[in-house]
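Right, one structure below, let's go through it.
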Amino acid sequence: MSRRAPAFVCQNCGAVFGRWQGKCDSCGAWNTIAEEAGSAPMSGGPGPGKPYRKGRFLVLHPLAGAADDGPRTPSGLAELDRVTGGGFVRGSVLLVGGDPGIGKSTLLIQAAAAVARAGHRAVYISGEEAVAQVRLRAERLGLAQAAVELAAETAVEDIIATLSEGATPRLVVVDSIQTMWTDGIESAPGTVSQVRGSAQLLIRYAKRSGAAVILVGHVTKDGQIAGPRVVEHMVDAVLSFEGEGGHLFRILRAVKNRFGPTDEIGVFEMTGGGLREVANPSALFLSERDLGAPGTAVFAGIEGTRPLLVEMQALVAPTILGTPRRAVVGWDHNRLAMVLAVLEAHCGVRLSGHDVYLNVAGGLRIQEPAADLAAAAALVSSLANAALPSDAVYFGEISLSGMVRPVAQAAARLKEAQKLGFARAFVPDTARGEAGDAGMTLIAVGPLVDMVTEIAPKGAVRPGTPGAGEE
Ligand code: TYD
Ligand code: MG
C-alpha cells in the first residue's frame with residue numbers, strides 16, 4: 273500500500289492535479305499536464321504514516337558581519353560580467369536560458385576556460401554532448417589548452433559526488449538542466465519534477481560548497497524557459513541569451529539578479545571562432561545603415577548604464593486590406609499604436625489607410641519610451657518619402673497630448689552620438705540645458721507637430737489637412 277497514486281503535473285507551471293485534464297487551472301496552458309509517478313516528495317511533507325522528525329537547533333547570525341573573501345569570480349568576459357554585476361558569486365546559482373543553437377554552450381565553455389586560465393578549478397558537465405564533441409568545440413574556439421574538467425553525465429547524484437571530491441570548483445556549468453535526472457524521483461528526465469528535483473540538489477550543493485553553479489535551460493517557442501520555469505524562483509539569477517536568427521549579434525540580458533542590476537545588457541557577436549565581445553555596440557548596430565533612405569531614424573538609447581545608438585526603420589504603405597496592418601519587431605506594439613494615434617490626432621498625419629511596419633535594426637529589443645520620437649520621425653519620413661538628415665539622432669518620449677517629454681540621461685546619449693560622428697540631435701525641450709556643451713546642434717522639439725512639419729513641409733503630409741498622407 274506504500275505506492276503513491278500517480279500525480280498529474282503541469283509541465284509549464286508545475287501545478288499538481290489529482291486527475292488528467294486538458295487545461296491547467298493554474299496557468300491556463302493547454303495540453304501541458306502529464307502523468308508523473310511519485311512526484312509528491314516535492315511537497316516536503318513526511319508522507320503517510322511517517323512522523324515529522326524533531327528539528328535540530330540552527331545557529332542564527334547577525335545581519336552585520338565580515339563577508340567571505342572575494343565573493344565574486346570574474347568570468348573573463350567583460351560583457352558577461354557586466355550582466356551578472358561583476359562576476360559569478362560564490363555559492364550562487366545562475367540560470368542561462370535561450371533558444372537552442374543561440375550559443376549558450378559556446379558562451380559557457382568560453383567562460384569556464386577563462387576561469388580555468390585564471391587558475392581556478394572549473395568543471396563543465398555536458399548532458400547533451402559527448403566529451404569528444406565538447407573537445408571538438410573547444411578546439412574550434414582555440415581553448416583546447418584550458419584546464420577545464422569535462423564530463424558527459426546526466427545523473428545528478430553522480431555529478432555531485434564527483435564534484436565533492438577534491439578542491440571545491442569555482443565554477444560548475446551544467447548543460448542543460450533539462451537532461452539531468454535524480455534517483456529520488458521516478459518520472460522521466462525532462463519532466464517538471466525531474467528538472468525541479470535536480471535543480472534543488474544542485475542548488476543545495478552550491479550553497480553548501482561555495483561553488484558557483486550555472487544551469488543551462490532551453491527556451492520553448494513561446495519564450496518561456498521550458499520546465500525550468502519552475503526553477504526560476506529557486507535560482508539567484510536568470511540570464512536570457514537572445515538573438516535574431518539572421519543576425520550575428522547575441523544579447524545577454526538579466527531577467528532576475530539577486531546580486532546585481534537587471535537592466536544591463538551584454539552584446540556579443542557570433543564568429544567562426546566563437547563569441548566575440550562587442551565593446552562598442554552602437555558602432556555595430558549602425559554598421560549596416562542605409563544612408564539617405566526614407567523611413568530610418570537613429571535612436572540614441574540607454575541600456576542599463578550604457579548609451580546605445582540603434583536605427584529604427586519604418587515602412588508606411590497604402591493598404592489593400594480593410595483593416596490596415598501594424599507590425600513591429602523589437603519594440604512595444606502598444607507604444608507604436610500610441611505614437612500612431614498621436615500623429616493622427618495632433619499632427620494631422622492620416623495613417624488609417626496605410627499599413628505600418630516598424631523594425632529595430634540588428635535584432636535588438638528596445639523597451640524605453642524615449643524611442644517614441646525616433647519612431648515618429650521614421651514613420652513620418654517613410655510616409656512623406658523624405659529622408660531624414662543622416663547626421664541626426666532622436667530621443668524623447670511623446671505624451672498623449674502631442675508634446676515631447678524629457679527623458680533621463682540626455683547628456684550620456686548626446687555624448688555617445690557625438691562620439692560616433694553625429695552632428696545634430698532632435699531632443700525634448702528641456703534637454704538643452706542638461707546637455708551642456710555637447711558639441712552638437714540641438715533641435716528642441718516641444719509639440720511633436722513642429723518636427724512633423726519640418727520633415728514634411730510640403731508633399732505627402734500636410735499637418736491639419738484632412739486626408740493628408742494620401743495621394
Ligand atoms: P551552441 O553554443 O551549441 O548553442 P546552444 O548551446 O545555445 O544550443 O551554438 C551553436 C551555434 O553556434 C551553431 O549554430 C554554430 C554556431 N557557432 C559559431 O558560429 N561559431 C563557433 O565558433 C561555434 C562554437 C558555434
Ligand atoms: Mg548547447
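When we follow this note's numbering, the leftmost residue of the sequence shown carries the number 273, and every step to the right adds one.
Beta carbons: idealized from backbone N, C-alpha and C, even for Gly.
| task | Please list, following the chain, all residues that have a C-beta closer than 6 Å to any non-hydrogen atom of the ligand TYD. | result | G370, P372, G373, I374, G375, K376, S377, T378, R409, R412, L413, M542, G544, G545, G546
| beta-carbon E549 near the ligand MG non-hydrogen atom, thresh 8 Å | Residue mapping note: residue 549 aligns to position 277 of the sequence shown, counting from 1. No; taking the cut-off as 8 Å, the Cβ of E549 has no heavy atom of the ligand MG nearer than that.
| What does a CB cutoff of less than 8 Å around G718 pick up in its chain, not counting 5 residues either side in sequence? | Numbered from its first residue, the sequence shown carries residue 718 at position 446. M675, V676, D701.
| request: Would you please state the rounded distance, in angstroms, between the beta carbons of D531 and G635? I believe it to be under 8 Å. | output: The count along the sequence shown starts at 1 and reaches residue 531 at position 259. The count along the sequence shown starts at 1 and reaches residue 635 at position 363. What sits at residue 531 in the sequence shown is Phe, not Asp. Not a contact, Cβ separation roughly 28 Å.
| query | Rounded C-beta distance between R354 and G538? I'm assuming under 8 Å. | reply | Stepping through the sequence shown from its first residue, residue 354 is reached at position 82. Stepping through the sequence shown from its first residue, residue 538 is reached at position 266. Going by Cβ atoms, the distance from R354 to G538 rounds to 5 Å, so yes, they are a contact pair.
| query | Does DSSP put R598 in a helix, a strand or coil? | reply | As a position in the sequence shown, residue 598 is number 326, starting the count at 1. R598: strand per DSSP, three-state reduction.
| query | Just how far apart, CA to CA, sit G391 and A689? | reply | Counted from its first residue, the sequence shown places residue 391 at position 119. Counted from its first residue, the sequence shown places residue 689 at position 417. Going by the C-alpha atoms only, they are around 40 Å apart.
| message | T591 and G625 - do their beta-carbons sit closer together than 9 Å? | response | Position 353 of the sequence shown, counted from the start, is the residue given in the question as residue 625. Position 319 of the sequence shown, counted from the start, is the residue given in the question as residue 591. Result yes, Cβ atoms of G625 and T591 sit closer than 9 Å.
| message | Pull the bridge partners of D629 from the DSSP assignment, please. | response | Looking up residue 629 in the sequence shown gives position 357. One point to set straight first is that residue 629 is Tyr, not Asp, in the sequence displayed. Note: Y629 sits in a beta bridge opposite L587, A599.
| said: At 4 residues or longer, what runs of the alpha helix (DSSP H) sit wholly inside the segment 391 to 466? | reply: 403 to 412, 428 to 436
| request: Within the segment 497 to 528, note down every full beta strand (DSSP E) run reaching 3 residues or more, in order along the chain. | output: 509 to 514
| message | Can you look up G538 in the DSSP assignment and give me helix, strand or coil? | response | The sequence position of residue 538 within the sequence shown is 266, counting from 1. The answer is strand: DSSP assigns G538 an E or B state.
| Less than 8 Å between the CB of E401 and some heavy atom of the ligand MG, yes or no? | In the sequence shown, residue 401 corresponds to position 129, counting from 1. Yes.
| message | On the criterion of 16 or more Cβ atoms from any shown chain inside 10 Å, does W292 qualify as buried, or is it exposed? | response | Mapped onto the sequence shown, residue 292 falls at position 20. Flag for W292 reads exposed.
| request: Starting from F557, trace the alpha helix (DSSP H) both ways and give me its first and last residue. | output: Residue numbering aside, residue 557 sits at position 285 when the sequence shown is read from its first letter. Per DSSP, F557 belongs to the alpha helix (DSSP H) from 553 to 557.
| Are R685 and G573 close, meaning C-beta to C-beta below 9 Å? | As a first step, residue 685 must be located in the sequence shown, where it is residue number 413. As a first step, residue 573 must be located in the sequence shown, where it is residue number 301. Result yes, Cβ atoms of R685 and G573 sit closer than 9 Å.
| query | For A402 versus A385, is the C-beta spacing smaller than 9 Å? | reply | Position 130 of the sequence shown holds residue 402. Position 113 of the sequence shown holds residue 385. No.
| field | G489, DSSP secondary structure in three states | value | Along the sequence shown, one-based indexing puts residue 489 at 217. Reduced to three states, the DSSP call for G489 is strand.
| field | Sequence-distant residues of the same chain with beta carbon closer than 8 Å to R607, five excluded per side | value | Mapped onto the sequence shown, residue 607 falls at position 335. Around R607: P641, A643, D644, A647.
| field | Cut-off 8 Å between Cβ atoms - residues of its own chain near H618, not counting five sequence neighbours on either side | value | Position 346 of the sequence shown holds residue 618. Closer than 8 Å at Cβ, skipping near neighbours: S673, G674, P719, L720, V721.
| request: May I ask you to check if the CB of S512 is nearer than 8 Å to at least one heavy atom of the ligand MG? | output: For the purposes of this step, residue 512 is taken as the residue at position 240 of the sequence shown. No, the ligand MG has no heavy atom inside 8 Å of this Cβ.
| query | Across which residues does DSSP place L332 in a beta bridge pair? | reply | Reading the sequence shown from its first residue, position 60 is the one you call residue 332. According to DSSP, L332 bridges with nothing at all.
| query | Touch check for the segment 374 to 385 and the segment 407 to 416: three-plus C-beta pairs under 8 Å? | reply | yes
| Considering only residues of the same chain and omitting the five flanking positions on each side of L473, which have a CB-CB separation below 7 Å? | Stepping through the sequence shown from its first residue, residue 473 is reached at position 201. If we look at L473 and ignore the five residues flanking it on each side, its Cβ neighbours are V428, I432, T454.
| task | Mind the definition here: the segment 455 to 470 touches the segment 349 to 363 only if three or more C-beta pairs lie below 8 Å; say whether that holds. | result | no
| query | How long is the line joining the alpha carbons of A471 and V491, rounded to whole angstroms? | reply | Here residue 471 corresponds to residue number 199 of the sequence shown, with the count starting at 1. Here residue 491 corresponds to residue number 219 of the sequence shown, with the count starting at 1. So the two alpha carbons sit approximately 16 Å from each other.
| query | So, is Q405 buried or exposed, given that buried needs 16 or more other C-beta atoms within 10 angstroms? | reply | Mapped onto the sequence shown, residue 405 falls at position 133. Result: exposed.
| According to DSSP, residues forming a beta bridge with P719 | Reading the sequence shown from its first residue, position 447 is the one you call residue 719. Answer is M675.
| The beta strand (DSSP E) spanning L367 covers which residue range? | Residue mapping note: residue 367 aligns to position 95 of the sequence shown, counting from 1. That run of the beta strand (DSSP E) goes 365 to 370.
| request: Go ahead and label V527 buried or exposed: buried means 16 or more other beta carbons lie within 10 angstroms of its beta carbon, across all protein chains shown. | output: Against the sequence shown, residue 527 aligns to sequence position 255. V527 comes out exposed.
| query | S448: beta carbon under 8 Å from a heavy atom of the ligand MG? | reply | Here residue 448 refers to the residue found at position 176 when the sequence shown is read from its first residue. Because some heavy atom of the ligand MG lies under 8 Å away, the Cβ of S448 counts as near it: yes.
| query | Apart from the five residues just before and just after G369, which ones in its own chain have a Cβ nearer than 6 Å to its Cβ? | reply | Position 97 of the sequence shown, counted from the start, is the residue given in the question as residue 369. G489, V491, I497, S512, listed in sequence order.
| Under a Cβ-count criterion, where at least 16 other Cβ atoms within 10 Å of its own Cβ denotes burial, should W603 be classed as buried or exposed? | Walking along the sequence shown from the start, residue 603 turns up at place 331. So W603 counts as buried.
| query | Relative to the ligand MG, is the shortest distance from any of its heavy atoms to the C-beta of V420 smaller than 8 Å? | reply | Position 148 of the sequence shown holds residue 420. False, no ligand heavy atom lies under 8 Å from that Cβ.
| Per-residue burial, L660 [other beta carbons within 10 Å of its own, 16 or more giving buried] | Counting from one through the sequence shown, the residue named residue 660 turns up at place 388. With 16 or more Cβ atoms within 10 Å of its Cβ, L660 is classed as buried.
| Three-state class that DSSP yields for A279 in the structure shown | By one-based count along the sequence shown, residue 279 stands at place 7. Strand.
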